[in-house]
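The block underneath contains the structure these notes are about, expressed in structure tokens.
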Amino acid sequence: MQINSTVNQAINKQIGMELGAYLQYLTISTYFDVEGLSELAAFFKAQAEDERDHAERFINHVVAFNGRLEIPAIEAPVSTVSSVVEAAKLSLDWEMKVTEEINALMKLSASEGDHITENFMTWFLDEQLEELSTMNRLLKVAERAGDNELAVEDFMVRQRGKQQPNPQGAGE
Ligand SMILES: [Fe+2]
Ligand SMILES: [Fe+2]
64 MQINSTVNQA
74 INKQIGMELG
84 AYLQYLTIST
94 YFDVEGLSEL
104 AAFFKAQAED
114 ERDHAERFIN
124 HVVAFNGRLE
134 IPAIEAPVST
144 VSSVVEAAKL
154 SLDWEMKVTE
164 EINALMKLSA
174 SEGDHITENF
184 MTWFLDEQLE
194 ELSTMNRLLK
204 VAERAGDNEL
214 AVEDFMVRQR
224 GKQQPNPQGA
234 GE
């Protein structure tokens with residue numbers, strides 16, 4: 064059995080989006096590292112790794128479904144971010160765009176009768192809700208902190224403490 068070619072093409076495009084997100088979060092993480100905001104750097108580094116994992120999940124799906132992997136040209140990441148608020152806004156916008164793409168991909172697989180891919184996509188819906196909520200909260204905290212970006216660092220430390228008992232990949 065082979066994946067529907069329209070769905071395959073849409074997945075290839077999505078792999079490009081995920082890798083684009085990887086590069087964007089890596090760029091933001093590096094900016095914070097240079098600024099000495101190491102908690103924010105670690106947070107965005109982890110986000111970047113999540114995005115690489117998303118790309119790999121799609122690639123594994125292409126393999127399992129006898130598809131063809133064609134990674135498109137990846138857009139260069141924005142490298143002008145110079146505050147936590149800007150980073151959070153950019154990330155939230157990005158996640159909203161990705162959520163639309165995920166919804167569209169789910170709709171496409173359903174309309175093409177590809178319920179295997181439709182079912183595979185449900186994991187990404189949960190993941191998008193979590194990422195939207197994380198970035199939305201970061202933006203609110205960053206806006207409250209204003210110029211006091213160290214307050215966001217403190218917030219990140221507290222969040223990290225809270226998240227520890229929740230093992231990663233539990234939804235797999
Ligand atoms: Fe993603
Ligand atoms: Fe994401």
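Positions in the sequence shown are counted from 1; adding 63 to them yields our numbering.
From the three backbone atoms N, C-alpha and C, an ideal C-beta is built for every residue, glycine too.
Taking 8 Å as the cut-off, the beta carbon of residue 177 is found closer than this to the beta carbon of residue 70.
Shown here for residue 95: same chain residues with a beta carbon closer than 7 Å to its own, the five before and five after excluded, namely 103, 104 and 107 in chain order.
The beta carbon of residue 78 is closer than 7 Å to those of 118, 121, 122 and 134 in its chain, skipping five residues each way along the sequence.
Looking only at 210, 204 and 183, the smallest Cα-Cα distance to residue 221 is reached by 204. Judged by DSSP secondary structure, residue 180 falls within the alpha helix (DSSP H) whose first and last residues are 178-208. Each residue's CA atom was taken as its position, placing residue 98 and residue 84 some 21 Å apart. For residue 84, the shortest C-beta to heavy atom distance toward ligand 2 is below 7 Å. Straight-line spacing of the CA atoms in residue 140 and residue 67 works out to 31 Å.
Across the set 148, 86, 163 and 175, the C-alpha of 86 shows the shortest separation from the C-alpha of residue 137. Assignment of residue 171 by DSSP, reduced to helix, strand and coil, places it in the helix class.
In the structure shown, residue 64 falls within a coil segment according to DSSP collapsed to helix, strand and coil.
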